[in-house]
Each structure stands twice: as structure tokens, then as C-alpha cells.
Ligand code: FES
């Protein structure tokens with residue numbers, strides 16, 4: 064029983080608070096409030112996992128004056144731990160330290176992720192932990208002839224008594240070894256207990272002699288092109304190592320649809336692709352473990368995100384149904400199981416969790432990005448896009464979230480573009496065109512200088528100038544539009560060949576010469592058409608969702624995925640890839656899907672959160688929407704045939720618009736007196 068005069072304890076960063084009698088161990092106070100503080104040794108002051116810090120000062124907002132005098136001095140057990148293992152300055156063991164007065168207690172969280180891995184000015188985010196795996200040290204009673212209870216039964220009894228694990232299941236593979244393990248360290252053992260959902264039964268998944276004071280997990284994003292992985296300590300939240308590797312399924316097909324075709328045409332195609340991706344995941348686990356100095360047998364949990372086709376292939380499910388309407392998923396909800404059953408070689412008792420898929424083309428990766436960016440956690444209307452060969456689009460706020468995918472094709476990744484290539488050293492990544500002379504300047508990946516700066520050619524010798532990658536494809540088409548080289552319909556103005564040798568005739572159309580060298584890099588009419596088709600698909604999908612939400616504008620835009628990290632928002636908007644928005648509200652968030660996987664790995668509450676939200680999301684199938692075609696045709700124009708871009712116009716002088724044809728909307732675009740001159 065607490066009284067209103069008992070000391071007040073506030074835990075940060077959770078903000079949970081409560082009153083506790085003097086003498087309450089801080090760990091107990093945390094437990095009572097549902098604040099997750101790790102403990103392996105069960106309060107014996109030997110594991111050191113329960114460390115906290117007291118914040119000193121007058122916290123007027125919380126009406127708390129917190130002081131080091133309000134926590135008990137170190138007792139013999141804590142002193143012994145400090146002597147033997149060392150305690151960082153300011154840290155205390157919360158199992159030993161007790162409440163003596165009002166306190167603000169900081170629970171250190173090692174997982175501070177930089178939500179934007181590329182852009183600066185990112186806000187660091189803390190993931191509070193509540194993992195599905197807990198390591199529990201116990202000392203088991205020795206056998207007694209008068210109480211013929213089995214060794215395993217006495218182990219279960221003490222786990223129930225010391226840790227509250229009632230109704231514990233024991234993984235079958237442990238049972239034959241229980242007696243040996245119990246005797247090895249004189250009846251002291253550590254059990255790894257898995258418990259995910261509130262109502263699910265806890266399961267002992269591993270058992271070690273003595274104190275086992277470490278447990279790891281992996282969070283993995285299986286992309287069609289790249290697989291990315293974090294190795295994380297489940298006991299501290301620390302990211303131990305991160306690595307990526309190409310998805311070896313590329314040899315079966317560049318994009319997901321060609322991989323579905325491969326399955327349909329080859330009797331062993333599914334098995335081969337499943338084996339390939341699982342092998343790659345296993346290899347990547349080997350890589351992160353080597354980097355982090357971790358034994359892969361110490362990995363007990365894993366979380367995966369992937370698009371629906373990768374999801375099916377990884378689980379060994381035939382993805383054929385996803386290749387045709389109605390794009391039926393074999394399973395859309397979250398999937399859990401033993402990693403052993405999906406061929407992942409870590410601890411024999413390790414578990415896996417796959418986030419739910421949102422729809423047939425909007426996968427667990429989009430769910431991961433949604434969990435990471437949390438449109439449903441805020442009032443602002445957020446547009447979250449992951450641009451790939453299939454763009455995944457999520458739009459919403461706390462009231463309602465809608466999601467769709469749109470077939471953008473591989474143009475943004477450099478495919479279907481005459482000089483296109485993936486982002487790699489030597490690829491042109493930025494382009495500017497002089498509005499008077501139409502002369503270009505550009506930058507290539509791996510070289511700091513612009514092409515018109517002295518020393519550029521020498522600096523570019525090492526990499527060469529090999530082609531144009533996605534970000535530059537967007538910029539060059541947008542710049543061509545801003546400088547009047549192409550019309551709003553995307554047609555190269557052949558008449559300008561009289562003013563600049565950079566416009567060259569190419570049969571019945573014209574091209575723009577970006578670089579006259581080896582190789583010769585041009586932007587052809589076909590290239591521009593391919594970009595228009597891709598951006599129109601993305602915009603039409605977005606617009607469809609905006610119409611579902613009944614909104615004209617979005618408040619904030621998040622670009623997820625590697626591609627989004629390199630796009631300049633201004634050019635993306637000039638091109639009409641994304642709707643009008645304050646440029647400062649357009650942000651790249653890097654691998655948000657991977658961040659979502661990390662959140663679900665470290666805190667099982669996030670699993671419930673995204674399961675709940677995915678069930679609430681309204682799924683829109685663009686292919687079945689009668690309005691899609693109309694929106695797509697409007698979106699072929701730059702930036703758009705009918706939609707206005709007033710916020711963009713404040714920063715960029717857009718060329719004057721032709722009157723909208725066919726009476727679609729208001730036309731929206733303001734006419735401009737001067738052509739092709741940028742303000743910002
Ligand atoms: Fe192990 Fe405190 S719980 S040292």
C-alpha cells in the first residue's frame with residue numbers, strides 16, 4: 064500500500080511515475096509501473112543488467128526535486144559488483160538501490176537510432192525495450208529422495224517462484240539435456256524464456272549452466288535488391304553490427320514480377336529462390352556476428368520485413384497468386400515461428416517474427432516503415448512513400464490511414480533509361496542546366512567537384528563518368544522542364560536545336576546531350592517518357608489515396624528507402640512525383656522498414672501496435688479503381704495537368720502552363736510571366 068506522502072518516482076524516458084514506500088528497490092518500482100528494466104540474475108547483483116541513473120535537480124514541471132541523497136547508498140552486494148565488474152560513473156544497480164525520497168530515474172536505452180541515416184538534422188529516437196526474450200537466472204533445489212519431483216519440474220517450479228513464469232512450456236530439444244546442464248554449475252542455470260503476446264504461454268527456448276548474461280537478436284529487411292541487417296543485444300538494446308548484401312534472387316529476375324514468372328515457368332523455381340534468400344540471410348548473420356564478435360548460437364530472436372513476394376519466397380510459399388488479380392496473399396497477418404523451421408541457423412530455440420503485410424502489393428516492409436514513421440501517431444496528414452519498382456504508398460493520420468501500391472517500374476532505378484544505371488561510383492547524381500545557354504553541369508558519385516569546376520576531369524578519372532542514376536534522372540528531366548527544353552507534356556523542343564548544339568535530332572524526336580565523351584550520355588525522348596510513366600504511376604496512386612481521404616494537400620512527406628535518401632525534394636516536386644507540400648516538410652527517412660523491424664525486435668508492444676494498425680488501414684487496389692486512369696493521364700504532364708503546386712511556386716518559378724484540357728478541375732497553375740527562371 065502506498066500513501067500520498069510516499070516518495071514520488073518518475074522513470075525516463077517513459078515518463079511513467081508512481082509513489083513507493085521508502086526502502087522499495089528501484090527495480091521493483093519500475094516493474095510495478097510496467098517500466099522495462101533488464102534483469103538476468105533476478106536481483107542478486109551479479110548480472111549488472113539493471114543499471115539506472117538518477118537525474119539530479121529540480122524538475123518543476125513534474126514537481127520533483129531529485130537528488131542522489133534520495134537513493135540508498137551502495138550496499139555490500141552492489142559494492143562487490145562494482146569492485147569485480149566495474150560500474151560506469153553515475154550508474155547504480157536498481158535491484159540493490161532503494162527509494163529514499165523523490166527521484167527522477169533514467170533507464171539508459173542503448174538503442175538510439177538515427178531515423179534519417181543520410182540527411183543531417185535528424186532527430187535521434189530512442190527505442191524503449193520490452194523484448195520477447197528474457198534471460199532468467201535461477202538456483203534450483205537439489206534432488207531429494209523424499210520429494211521425487213523431476214529435475215525439469217523443480218526448474219519450472221523455481222522459474223515460477225522467482226520470475227513468475229507460470230504454465231511454462233519447454234522446447235522439446237532442451238529436454239534431453241536438462242539433467243546435464245543443471246549439474247554442470249551446481250544447480251545454477253539461466254533459462255531463455257520467450258513470451259510474445261500477453262495471452263500466449265511462455266516457452267523455455269534455451270538453457271545454460273550458470274549465469275548466461277547475453278542474448279542477441281537480428282532485425283532484417285529483405286529487399287528485392289538488397290538485404291540489410293542489424294545485430295542487436297536484446298539485453299541492452301545496443302546495435303552491435305549492421306551489414307547489407309545483395310539479394311541473390313536477382314539472378315532469377317531483376318524485379319519481383321520476373322521472379323514470380325520464374326516460379327511459374329520452372330518447377331523447382333520456388334525452392335531455388337527460397338534456398339537462395341535463406342542462404343543469403345544466413346551468410347549475413349555470419350557477417351554481422353563476425354563483425355560484432357558474437358556467436359550466432361547466442362541469437363534468440365529475429366524480426367523480418369519484406370515486400371509480399373519476398374515474404375512468400377522467404378517463408379517457402381509459392382507467390383504465383385500475387386502475380387495476378389486479386390493478388391491474394393497466402394497469409395497477411397504477422398507470422399511467428401522457430402527459425403529452425405525456416406532454415407535460419409542461429410540458436411536452436413530461436414524464434415522469428417514477420418510483420419504483417421498490408422495488402423497484396425503492400426508488404427511487411429511498408430508495415431515496418433509505417434511503424435517507424437507512425438502516421439497514425441499524429442494529427443498531421445503524412446504521406447509515406449517507398450519508391451522501388453513498385454512504389455508503396457501510405458497516407459494518413461491518427462484518424463484514418465489508407466495504403467496502396469503503384470507500378471512505377473524500374474525507371475527510377477536507372478533501368479529503361481538509355482544511359483541509366485544504379486547509384487554507384489561514376490554515376491551522375493546531380494544535374495543543373497543553365498537557363499540561358501542550356502549548358503549542363505553535373506556531379507558524379509565519388510567526386511566532390513561539379514563538372515564545370517577545375518580539376519573535375521582529373522578527379523573523375525578514377526571512377527569515370529558511367530551513366531545517370533535515379534536522383535539525376537529526376538533532376539535532369541525537371542531541369543529540362545524548368546529551362547524550357549521540354550514542354551509540360553515532356554516533349555523535347557526540337558526548335559531549340561538552332562540555339563544549342565546540345566539538342567540533337569534523333570530520328571523523329573530530339574535528345575539532350577548531357578556529356579559528350581566516353582560514354583556519350585544523352586537524355587532521349589524515350590527516357591523522358593519512361594520517367595513520366597513512372598512518376599505518373601506514383602502520383603496517381605498518391606492522388607487516389609488523397610481523394611479517399613478527401614484532402615487536397617498533405618502536411619508532410621516521408622521518403623523511405625535508399626532511393627528516397629538521394630532525391631532532392633524540390634526536383635521531385637517539379638517533376639510531379641509527389642504532391643505540393645512545404646519543401647521543409649519533405650524528408651528522407653532512410654531504411655524506415657528496417658527501423659520498424661528493429662522496433663519490433665526490441666519491443667514486443669510495437670508488434671501489437673503494428674498488427675492493430677495494419678488491421679485498421681484501408682487498402683486500396685489501384686488497378687481496380689476507375690479513377691486511376693484519369694489521375695494517371697493528368698499526372699503525365701509536368702508537374703501535373705490539373706493540380707496546382709502553390710507552395711512549390713513560392714520557391715521555384717515554374718514555366719507558364721498551357722490551359723487544362725477537358726475541363727479537369729480549375730487548372731490551378733498560375734501563369735508566369737517569365738520562363739524557366741528559378742528563384743530558389
Ligand atoms: Fe542483476 Fe541487478 S538484476 S544486477
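In the numbering used here, the protein residues as written are 64 to 743.
For each residue, glycine too, the CB sits at the ideal point set by N, CA and C.
Item                                                                                                                                                                    : Value
So, for residue 148: in the same chain, excluding its five sequence neighbours on each side, which residues have a beta-carbon less than 6 Å away from its beta-carbon? : 111
Below 8 Å, how does it come out for the segment 487-506 and the segment 522-529: are there three or more Cβ pairs, yes or no?                                           : yes
Going along the chain, which residues put their C-beta within less than 7 Å of some heavy atom in the ligand FES?                                                       : 90, 102, 103, 104, 105, 106, 107, 108, 109, 110, 111, 112, 113, 144, 156, 157, 158, 159
Report the CB separation of residue 40 from residue 198 in whole angstroms; it is logged as a contact under 8 Å.                                                        : With the chain running from 64 to 743 in the structure shown, residue 40 is simply not present.
Could you work out which residue in 239, 422, 318, 247 is closest to residue 478 when comparing CA atoms only?                                                          : 318
So what does residue 585 bridge to, in DSSP terms?                                                                                                                      : 576
Report yes or no: do three or more beta-carbon pairs, one from the segment 389-406 and one from the segment 419-432, lie closer than 8 Å?                               : yes
What's the gap between the Cα of residue 114 and the Cα of residue 100?                                                                                                 : 8 Å
Please classify residue 471 as buried or exposed, where buried requires at least 16 neighbouring CB atoms within 10 angstroms.                                          : buried
Do you know whose CA, among 548, 473, 469, 605, lies nearest residue 502's CA?                                                                                          : 548
Per DSSP, what kind of secondary structure is residue 519 in: helix, strand or coil?                                                                                    : helix
Thinking C-beta only, is residue 450 closer than 9 Å to residue 458?                                                                                                    : no
Rounded to a whole number of angstroms, what is the C-alpha to C-alpha distance between residue 307 and residue 287?                                                    : 12 Å
What whole-angstrom Cβ distance do residue 539 and residue 494 have, given they're in contact under 8 Å?                                                                : 4 Å
Tell me the DSSP secondary structure of residue 236 in three-state form.                                                                                                : helix
Can you name, in chain order, every residue of its own chain whose Cβ lies under 6 Å from the Cβ of residue 248, other than the five neighbours on each side?           : 272, 273
For a test of the three-state rule: what should DSSP assign to residue 382, helix, strand or coil?                                                                      : coil
Rounded to whole angstroms, what's the CA-CA distance from residue 621 to residue 612? Just pull it up for me.                                                          : 18 Å
Apart from the five residues just before and just after residue 231, which ones in its own chain have a Cβ nearer than 8 Å to its Cβ?                                   : 219, 222, 223, 256, 264, 265, 266, 267
From residue 41 to residue 191, what distance separates their C-alpha atoms?                                                                                            : The question about residue 41 has no answer, for the chain in this structure spans 64 to 743.
Do you know offhand how far residue 107's Cα is from residue 156's?                                                                                                     : 10 Å
Do residue 310 and residue 351 have their CB atoms nearer than 9 Å?                                                                                                     : no
Under the assumption that residue 582 contacts residue 546 (Cβ atoms under 8 Å), give the Cβ distance between them as a whole number of angstroms.                      : 24 Å between Cβ atoms; not a contact.
Hey, residue 323 and residue 382 are a contact pair by Cβ (cut 8 Å); roughly how many whole angstroms apart?                                                            : 5 Å
Buried or exposed, going by whether 16 or more other CB atoms sit within 10 Å of the CB of residue 438?                                                                 : buried
When burial is assigned at 16 or more other CB atoms within 10 Å of the CB, is residue 720 buried or exposed?                                                           : buried
Who are the near neighbours of residue 608 in its chain, counting only those whose CB is closer than 7 Å to its CB and skipping five residues on each side?             : 456, 458, 465, 467, 683
Give me the Cα-Cα distance between residue 644 and residue 605, rounded to the nearest whole angstrom.                                                                  : 13 Å
Go through the segment 70-128 residue by residue and report every complete run of the alpha helix (DSSP H) that reaches 4 residues or more, in order.                   : 89-96
To the nearest angstrom, how far is the alpha carbon of residue 334 from that of residue 407?                                                                           : 15 Å
Assign residue 616 to one of three DSSP states: helix, strand, or coil.                                                                                                 : coil
Would you mind working out which of 212, 207, 336, 227 sits nearest residue 200, comparing C-alpha positions?                                                           : 227
Under DSSP, the beta strand (DSSP E) around residue 467 begins and ends at which residues?                                                                              : 464-469
Measure the alpha-carbon distance for residue 446 versus residue 551 and round it to whole angstroms.                                                                   : 25 Å
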